[in-house]
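Residue numbers for the sequence shown follow the UniProt record's numbering, so the first one is 1 and each next one is one higher. The structure appears right after this line, and notes come after that.
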Amino acid sequence: MAMLIQCTDKPGMLQTRLDTRATHLDYLDSKKDIILAGGAVMDAEGKPFGSVLIIDTDDEAVARDFAENDPFNKAGLFETVTVTTWRKAFFNFENLT
1 MAMLIQCTDK PGMLQTRLDT RATHLDYLDS KKDIILAGGA VMDAEGKPFG SVLIIDTDDE
61 AVARDFAEND PFNKAGLFET VTVTTWRKAF FNFENLT
């Protein structure tokens, strides 16, 4: 199993996202051994309004710690952070069912 981390930005926080992005990416790079996928969620105009990460752990506490220590979260960017179990059915162009 894996854990899905879904984050939604607070309204009006684009500049905070931009200002914190380099530190956020450094953090993700330091955790790349458990990141299966991740990236920004974009609106119709191409502006980010949240993030999605899938990490390789079945331990919800590990996923919550991951999210809590993300520089975006520490900067107060996120309005919501949701951590749920994610079961691979299709992954890396393969049907795993």
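Cβ atoms here follow ideal geometry from the backbone N, Cα and C, with glycine treated the same way. These figures come from a predicted structure and were not determined experimentally.
Identity of the residue in K32, Y27 and L77 nearest G12 by Cα: L77
Cβ-Cβ separation, N73 to V81 (assumed contact under 8 angstroms), whole Å: 6 angstroms
For L4 and L53, the rounded distance between their alpha carbons: 6 angstroms
Enclosing beta strand (DSSP E) for L36 [first to last residue]: I35 to M42
F66, buried or exposed, once every other Cβ within 10 Å from all chains shown has been counted against 16: buried
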